[in-house]
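The structure appears right after this line, and notes come after that.
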Amino acid sequence: GQQLNQSPQSMFIQEGEDVSMNCTSSSIFNTWLWYKQDPGEGPVLLIALYKAGELTSNGRLTAQFGITRKDSFLNISASIPSDVGIYFCAGDAGGTSYGKLTFGQGTILTVHP
Amino acid sequence: NAGVTQTPKFRILKIGQSMTLQCAQDMNHNYMYWYRQDPGMGLKLIYYSVGAGITDKGEVPNGYNVSRSTTEDFPLRLELAAPSQTSVYFCASSFSGTGNTGELFFGEGSRLTVL
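Rendered as structure tokens:
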């Protein structure tokens, strides 16, 4: 099946620092999504990207849909303690795969006050 | 707003036992999904449903069964529990699998341990 390689696996940063994580795939996706999971909760959608090259922001978060449609990145600026959690990229290949997301392995973010 | 509700939140099973994880959504979503989450592995799709009476296998369906008799409910059944099924299970729903949505709404998860 399709696989997404997400990196880094974990990050330990100081409050106020910027964060960058990315996701790559060997196959094309029509939609890229970034989710965040807080401890003991289910993932929650942060940003959705629908077009190659698209750059979208949501507050301090910025994500881009790679031109090749095989990669995406997420940036978090000026991190705060509540940014702690696991961040997942996810891709939707469309076609017969519509609605079935492939998830990356996740990036565990720790923010030190 | 209840959203997606999963029960139970925690369960310990003995090898060979069976159980059903319940999932209900009140958002009138067509699509529903079951994922399992193992440490460092992300989420893997077990089964999904595009509407009442329609179900299909995901990436890791072996050892599981589902049914979708109503739009609201999508239970996941484990017939003969095995240690490899120790995981956190997430139910999710979306309005449609098509179009510019892609947003899945997840439940809080059910942590299952098989000993």
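Read top to bottom, the protein sequences are chains U and R. Going by the numbering used here, the residue at position 6 of the first sequence is 6; the numbering climbs one at a time, nothing skipped. Going from the second sequence to the numbering used here is simple: count from 1 and add 113. Every residue gets a Cβ at the ideal spot worked out from N, C-alpha and C, and that includes glycine.
Rounded to a whole number of angstroms, what is the C-alpha to C-alpha distance between residue i and residue j?
| i | j | result |
| --- | --- | --- |
| isoleucine 80 of chain U | serine 209 of chain R | 34 Å |
| asparagine 175 of chain R | glutamine 130 of chain R | 16 Å |
| phenylalanine 218 of chain R | proline 39 of chain U | 16 Å |
| glutamate 17 of chain U | leucine 55 of chain U | 21 Å |
| threonine 133 of chain R | glutamate 216 of chain R | 26 Å |
| leucine 158 of chain R | glutamate 172 of chain R | 5 Å |
Excluding the 5 residues flanking residue i on each side, which residues of the same chain have their C-beta closer than 6 Å to its C-beta?
| i | result |
| --- | --- |
| proline 113 of chain U | Glu15 and Pro81 |
| methionine 145 of chain R | Ser162, Phe187 and Ser206 |
| glycine 106 of chain U | Ile86 and Phe88 |
| alanine 48 of chain U | Leu33 |
| arginine 190 of chain R | Thr133 and Asn178 |
| threonine 120 of chain R | Gln135 |
| serine 10 of chain U | Ile108 |
In the DSSP assignment, find the beta strand (DSSP E) that holds residue i and state where it starts and stops.
| i | result |
| --- | --- |
| aspartate 71 of chain U | 71 to 76 |
| lysine 157 of chain R | 156 to 164 |
| isoleucine 128 of chain R | Counting along the chain, isoleucine 128 of chain R falls outside any beta strand (DSSP E), and DSSP gives it neither H nor E. |
| arginine 224 of chain R | 223 to 227 |
On the CB-based measure, 16 or more other CB atoms within 10 Å of its CB, does residue i come out buried or exposed?
| i | result |
| --- | --- |
| alanine 78 of chain U | exposed |
| phenylalanine 65 of chain U | buried |
| leucine 193 of chain R | exposed |
| lysine 122 of chain R | exposed |
| glycine 166 of chain R | exposed |
| serine 200 of chain R | buried |
Along chain U, in chain order, which residues have C-beta atoms closer than 7 Å to that of residue i?
| i | result |
| --- | --- |
| glutamate 216 of chain R | Leu45 and Ala48 |
| glycine 155 of chain R | Phe88, Phe103, Gly104, Gln105 and Gly106 |
| tyrosine 144 of chain R | Gly99 |
Can you list the residues of chain U that residue i reaches, using a CB-CB cut of under 9 Å?
| i | result |
| --- | --- |
| glutamate 221 of chain R | Gly40, Glu41 and Gly42 |
Report all residues from its chain with a CB closer than 8 Å to the CB of residue i; omit the five preceding and five following residues, and keep chain order.
| i | result |
| --- | --- |
| leucine 228 of chain R | Ile125, Leu126, Lys127, Ile128 and Pro196 |
| leucine 45 of chain U | Leu33, Trp34 and Tyr35 |
Which residues in the same chain as residue i place their Cβ atom closer than 7 Å to its Cβ, once the five residues preceding and following it in sequence are excluded?
| i | result |
| --- | --- |
| phenylalanine 29 of chain U | Arg69, Gly91, Asp92 and Ala93 |
| aspartate 83 of chain U | Ile76, Leu109 and Val111 |
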